[in-house]
Structure formats: C-alpha cells, structure tokens
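Shown next, in structure tokens, is the structure this report addresses.
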Amino acid sequence: MRCSFLRLRRKQYVLSLVLLLTLCVLLFMQNYSVGPLLPSALPDDIQTFRTYNIDCSAIYDMYPVEVGKSLIIRRKQNVEDTDERLINLTINCSLFIKSRGYDKVCLTEEEKDFPLAYSLVVHKSAVMVERLIRAVYSPNNIYCIHYDQKSSAQFIAAMDGLAQCLPNVFIASKRETVYYASITRLKADLNCLSDLLESKVQWKYVINLCGQDFPLRTNIELVSELKKLNGKNMLETTRPSEQKKGRFTFHYELKDVNSAFKKTLQKTEQLKTLPPHGIEMFVGSAYFVLSRDFIVHVDSSVVVKDFLAWSEDTYSPDEHFWATLVRLPGVPGEVPRSQPDITDLKSKTKLVKWHYLEEKLYPPCTGQHVRSVCIYGAAEMRWLLNYGHWFANKFDPKVDPIIIQCLEEKLKERQKLFQSAASTTCRKG
Ligand SMILES: *[C@@H]1O[C@H](CO)[C@@H](O)[C@H](O)[C@H]1NC(C)=O
Ligand SMILES: *[C@@H]1O[C@H](CO)[C@@H](O)[C@H](O)[C@H]1NC(C)=O
Numbered sequence: 002m003r004c005s006f007l008r009l010r011r012k013q014y015v016l017s018l019v020l021l022l023t024l025c026v027l028l029f030m031q032n033y034s035v036g037p038l039l040p041s042a043l044p045d046d047i048q049t050f051r052t053y054n055i056d057c058s059a060i061y062d063m064y065p066v067e068v069g070k071s072l073i074i075r076r077k078q079n080v081e082d083t084d085e086r087l088i089n090l091t092i093n094c095s096l097f098i099k100s101r102g103y104d105k106v107c108l109t110e111e112e113k114d115f116p117l118a119y120s121l122v123v124h125k126s127a128v129m130v131e132r133l134i135r136a137v138y139s140p141n142n143i144y145c146i147h148y149d150q151k152s153s154a155q156f157i158a159a160m161d162g163l164a165q166c167l168p169n170v171f172i173a174s175k176r177e178t179v180y181y182a183s184i185t186r187l188k189a190d191l192n193c194l195s196d197l198l199e200s201k202v203q204w205k206y207v208i209n210l211c212g213q214d215f216p217l218r219t220n221i222e223l224v225s226e227l228k229k230l231n232g233k234n235m236l237e238t239t240r241p242s243e244q245k246k247g248r249f250t251f252h253y254e255l256k257d258v259n260s261a262f263k264k265t266l267q268k269t270e271q272l273k274t275l276p277p278h279g280i281e282m283f284v285g286s287a288y289f290v291l292s293r294d295f296i297v298h299v300d301s302s303v304v305v306k307d308f309l310a311w312s313e314d315t316y317s318p319d320e321h322f323w324a325t326l327v328r329l330p331g332v333p334g335e336v337p338r339s340q341p342d343i344t345d346l347k348s349k350t351k352l353v354k355w356h357y358l359e360e361k362l363y364p365p366c367t368g369q370h371v372r373s374v375c376i377y378g379a380a381e382m383r384w385l386l387n388y389g390h391w392f393a394n395k396f397d398p399k400v401d402p403i404i405i406q407c408l409e410e411k412l413k414e415r416q417k418l419f420q421s422a423a424s425t426t427c428r429k430g
C-alpha cells in the first residue's frame, strides 16, 4: 500500500514537472516568437494579410505544444485585417494578383472542362471574403458577390476592388437589404443565380457560400467529386418537424424595431393557404450544390415562380425553398420524395457543428459557440479535413486565426500535389 502510494506521489511529481516545463516553454514562446507578427513569406515579399508563425502539420497531428501555441496566439491577437487593407491592396491590381498568388493557379485538364459557379452572399469582413475566394479560386470558374445594401462603404469598396481586379469575379447586378430569416436572404442568392445564368461561362454546378464558410477541398477535388454526382444535386432535404411546419403555416411580417436597419421578422396568428400546386414541403439549409440544368429549370418554371411568391411571408424560406424544389417530381437531378431524409451530415455541402450534438455525433468545439453553432478552433483541423464534407461553417479570425491559416496552407499543399501529378496548363494572371 505504502509503496504504491509513494509511486503515485512520484508519478504526480513527474507529471507536475512535465506540466511546469511545458508551461515554461509556452511562456518563452509567448515572449519571443509569437510576439510580433511575422511579415508574410509570400511571393516577392509583398505584405498582404496577417500570418502567424505556426507549424500547421504539427497542428494537424495535434502536437500539444503547437496546439498550446495556437491557444496563446488566439488569446493575444484577436484583431482582424480591416476592409481598408483589401481596398489598399486592390488599388494596384497587378500587385494584388501577384501578391495573393492568383497568377499561380493552374488548371488541370479535368478542371478545364468543368467550370463551377459560386454565389457568395456576404456583408462584412472583406479580407475573409477574399481569402475564401482565393481558397476556391480557379481562373475558369465564375464568382458572384452579393453584398448587403446595409454593408459599410469600406466593405462595398473592397468588394468592388476585388471585382475590378479579377475578371471572373463580379458584383450581383441587383442587391437586397438582407434581414435575418426573411425572404431577402433567398432573393440575394436568386439575384446571383440569374446573373450567373447569363454569364458566358458554361458552369456545371453552382455552390453558394457565406462569409463565415471555408472550403475543405481544393478545386480539383471538388470537380472530381461533382463529376461523380452525375447531374444530381447535393443538399439537405428532410421532412419537417411539427415545430418547423410553423414556419410556413403562419403569415410572418417584417416589423421595424427602432430603425429601418433593425427590421425583424415576426409571427402573426394569420394562417397561410397550403402551398400552390399541391407541393409537398421539405426543409433543409440555405446552402446547396445545384446543377446548371436544375437552375435553368428553376429559372423558367411557373410552379417555382408561384412557390416563391407563396414563400414571401414565411420564416426563413431559404431553408425550405431548395429542399422542397429538389423533391419536385421530374426536376433535373431530382431527389424522389420517397427517398429518405438527407440530413446535414449526409449531404456533403456544409459541415456545421451544433452545440447540442457535440460528444454525441462529433468531438466538442475547440473554438467558441455562437447561437449554438461552433466557430472552429485549431484543434479541429484533422476532424474537419477527414470528415468528408466539402465546406465547413463557421470560421472567424477573431475567434481562431490559426485554423483558417492552416486550412489555407493545407489546401495549397494539396493543390500543388495534384497539379504536379496531372498534366496542367497554367494560365497567367
Ligand atoms: C492604406 O493606404 C494608405 C495610403 O497609401 C495608408 O495611409 C493606410 O495606412 C493604408 N491602410 C491600411 C489599412 O493598410
Ligand atoms: C503596381 O505594382 C507593380 C508591381 O507589381 C509596379 O511595378 C507598378 O508600378 C505599380 N503600379 C502603380 C500604378 O503603382
């Protein structure tokens, strides 16, 4: 007994010593290597955005010291690059393209014949929007940016700068003032989609993203996954719970709260009519991967037009519009109504970590929660990349800048690997 007690004591002593040593190492690094931001080692030494001195392979491998280092960075430096930073950078387009490596993106034969379209509905954090576009950039893709009419002048100028510098990035011709849970969010995407249909680029699939998304796959990998879909659409579409049904059985109204900028959607007691054309309702998320044929159909269908009009006064129509349309009999890439629910974990479009499912379906959030959704931290890098989804939500450089930097690095690394393996044609920026 005494012997094992002593052993226990010694074990504890050794453990404390190790912990103490680790702490010393961490404190040392805090003072000497994390302190000032390193100028980025990007091409030609042009300083673009903040980067941190961290070993992303070690983060991926979950080395405790490196993860500890990321925690210190997170605590110390929660400043974001300002919108002005992007305005400044895009003043000189050739410099911008060079410094952000847009001129170094190559195309494999496989990508060449399979252009993608993006609808980006954004309202703040210009630098993150640019980093998102850069991460999914390919010169033969097309990108539509819808910014909110309420966005700041700086944000709008930065988006205009981006669109001016990159020939395949444009601003939606019609812009909405987007209010939470109202039809305006859906209309923002619809505005982009109709512009995208008019573009010369014969894109095969369209993906919509928001400012807090980030990709988990390179363009080459996405193209190869999308080819496998064979014209099918990929999105969440499930039968509505009784609670969710309330979102479209009652009439909702946008009401002013203090100012015109603070309109909120409020439920009324007024019952709505049943959906037109006997449409059966499904629910899902606002985010999708849809085929060109499907969008062409949506654009010209009278049934869809009536359904959109009927959805005007529902709660968060973006979360039932696509989920319902994709189940309509006969639409291109149809998901038959008889087919089981496609949940957010089955659909690969977007990996979202919900607070109440942590430790049941997935490991806990290592960042922070906002409205029960996880903003990812660095220690989730491996989980994110290995889960199988194509995009994830949410990321915020103010919560954890390391996870974003490391995903960027990892994707660039993979892109290089694929390109060196395939025959590529490089288009100069
Ligand atoms: C933008 O450029 C101006 C003038 O060139 C400079 O004074 C300002 O500090 C820059 N702002 C940022 C955020 O880089
Ligand atoms: C833009 O940047 C390039 C460097 O890539 C430089 O040679 C050129 O003079 C700059 N143009 C202007 C107008 O400042």
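Add 1 to a position in the sequence shown, counting from 1, and you land on the number used in the numbering used here.
Idealized CB from N, CA, C, for every residue including glycine.
- Query: Going by other Cβ atoms of all chains shown within 10 Å of its Cβ, with 16 needed for buried, is residue 416 buried or exposed?
  - Reply: If you number the sequence shown from 1, residue 416 lands on position 415. Buried, since its Cβ has 16 or more Cβ neighbours within 10 Å.
- Message: Could you check if residue 89 belongs to the surroundings of ligand 2, using beta carbon to heavy atom distance under 7 angstroms?
- Response: Taking the first residue of the sequence shown as 1, we reach residue 89 at position 88. Checking every heavy atom of ligand 2 against the Cβ of residue 89, none is found closer than 7 angstroms.
- Find the nearest neighbour of residue 285 within the set 161, 245, 173, judged by alpha-carbon distance. As a position in the sequence shown, residue 285 is number 284, starting the count at 1. Comparing Cα-Cα distances from residue 285 to each of 161, 245, 173, the minimum goes to 245.
- Query: Does the Cβ of residue 90 have 16 or more other Cβ atoms within 10 Å, making it buried, or fewer, making it exposed?
  - Reply: For the purposes of this step, residue 90 is taken as the residue at position 89 of the sequence shown. Burial call: buried.
- Item | By C-beta, the residues closer than 7 angstroms to any heavy atom of ligand 2, given in chain order | 93, 95, 96, 99
- Query: Would you report the Cα separation of residue 138 and residue 171, rounded to the nearest angstrom?
  - Reply: To locate residue 138, count along the sequence shown from 1; it is residue 137. To locate residue 171, count along the sequence shown from 1; it is residue 170. Near 13 angstroms, if we compare the C-alpha coordinates of residue 171 and residue 138.
- Task: In the DSSP assignment, find the unbroken beta strand (DSSP E) run with residue 256 in it and report its ends.
- Result: Your numbering for residue 256 matches position 255 in the sequence shown. Segment 251-258, the beta strand (DSSP E) holding residue 256.
- Let me know if residue 414 comes out buried or exposed under the rule of 16 or more other beta-carbons within 10 Å of its beta-carbon. Within the sequence shown, residue 414 is the residue found at index 413, counting from 1. Label assigned to residue 414: exposed.
- Entirely within the stretch 143-231 and at least 4 residues each: give me those alpha helix (DSSP H) ranges in chain order. 154-166, 184-199, 220-230
- residue 94 - DSSP class collapsed to helix/strand/coil: Counting from 1 along the sequence shown, the entry for residue 94 is found at position 93. It is helical.
- C-alpha distance - residue 395 paired with residue 123, whole-angstrom precision: Locating residue 395 in the sequence shown gives position 394, counting from the first residue. Locating residue 123 in the sequence shown gives position 122, counting from the first residue. When rounded, the distance between both Cα atoms is 13 angstroms.
- Query: Roughly how far, in whole angstroms, is the beta-carbon of residue 252 from the beta-carbon of residue 239, given that I think they are within contact range, below 8 angstroms?
  - Reply: Your numbering for residue 252 matches position 251 in the sequence shown. Your numbering for residue 239 matches position 238 in the sequence shown. Rounded, the Cβ-Cβ distance is 24 angstroms, inconsistent with contact.
- Item | Touch test, the stretch 187-202 against the stretch 366-384, Cβ-Cβ under 8 angstroms, three pairs minimum | no
- Query: Near residue 387, which residues of its chain fall below 7 angstroms by C-beta distance, leaving aside the five closest residues on each side in sequence?
  - Reply: As a first step, residue 387 must be located in the sequence shown, where it is residue number 386. Once the five neighbours on either side are set aside, residue 387 has no close Cβ partner at all.
- Unbroken beta strand (DSSP E) runs of length 3 or more, entirely within the stretch 356-392: which are they? 369-371, 374-376
- Query: How long is the line joining the alpha carbons of residue 230 and residue 334, rounded to whole angstroms?
  - Reply: Counting from 1 along the sequence shown, the entry for residue 230 is found at position 229. Counting from 1 along the sequence shown, the entry for residue 334 is found at position 333. Their backbone Cα atoms lie some 9 angstroms apart in a straight line.
- Query: What first and last residue would you give for the beta strand (DSSP E) that runs through residue 308?
  - Reply: Position 307 of the sequence shown, counted from the first residue, corresponds to residue 308. Here residue 308 belongs to no beta strand (DSSP E); instead the alpha helix (DSSP H) covers 303-312.
- Message: Using the three-state DSSP reduction, which class does residue 118 fall into: helix, strand or coil?
- Response: Position 117 of the sequence shown holds residue 118. Strand, per DSSP.
- Message: According to DSSP, is residue 275 part of a helix, a strand, or is it coil?
- Response: As a working mapping, residue 275 is identified with position 274 in the sequence shown. Here residue 275 sits in coil by DSSP.
- Message: To the nearest angstrom, how far is the alpha carbon of residue 160 from that of residue 312?
- Response: Within the sequence shown, residue 160 is the residue found at index 159, counting from 1. Within the sequence shown, residue 312 is the residue found at index 311, counting from 1. Computed Cα separation, rounded: 30 angstroms.
- In the DSSP assignment, what residue or residues form a beta bridge with residue 289? By one-based count along the sequence shown, residue 289 stands at place 288. For residue 289, which the question treats as bridged, DSSP gives the partners 236.
- Out of 385, 167, 126, which has the shortest C-alpha to C-alpha gap to residue 149? In the sequence shown, the residue the question calls residue 149 occupies position 148. If we check each option's Cα against that of residue 149, 126 comes out closest.
- Message: How far does the beta strand (DSSP E) with residue 109 in it extend, from its first residue to its last?
- Response: Locating residue 109 in the sequence shown gives position 108, counting from the first residue. Start and end: 107-109.
- Message: I'd like the span of the alpha helix (DSSP H) that includes residue 409, first residue to last.
- Response: Looking up residue 409 in the sequence shown gives position 408. Its alpha helix (DSSP H) spans residues 402-422.
- Item | CA-to-CA distance, residue 208 to residue 282, given in whole angstroms | Locating residue 282 in the sequence shown gives position 281, where the first residue counts as 1. Locating residue 208 in the sequence shown gives position 207, where the first residue counts as 1. Roughly 22 angstroms between the two C-alpha positions.
- Item | Anticipated Cβ contact below 8 angstroms, residue 377 with residue 345, distance rounded | Within the sequence shown, residue 377 is the residue found at index 376, counting from 1. Within the sequence shown, residue 345 is the residue found at index 344, counting from 1. Contact flag wrong, Cβ pair sits at about 16 angstroms.
- Taking Cβ to Cβ, would you say residue 118 is nearer than 8 angstroms to residue 146? Within the sequence shown, the letter at position 117 stands for residue 118. Within the sequence shown, the letter at position 145 stands for residue 146. Going by C-beta atoms, residue 118 is not nearer than 8 angstroms to residue 146.
- Which residue comes first and which comes last in the alpha helix (DSSP H) that contains residue 72? Counting from 1 along the sequence shown, the entry for residue 72 is found at position 71. Run containing residue 72: 65-77, per the alpha helix (DSSP H) assignment.
- Burial state of residue 279, where buried means 16 or more other Cβ atoms lie within 10 Å: As a first step, residue 279 is located in the sequence shown; it is residue number 278 there, counting from the start. Classification for residue 279: exposed.
- Query: So, using beta-carbon positions, are residue 434 and residue 302 closer together than 8 angstroms?
  - Reply: Nothing about residue 434 can be reported from this structure: the residues present for the chain run from 2 to 430 only.
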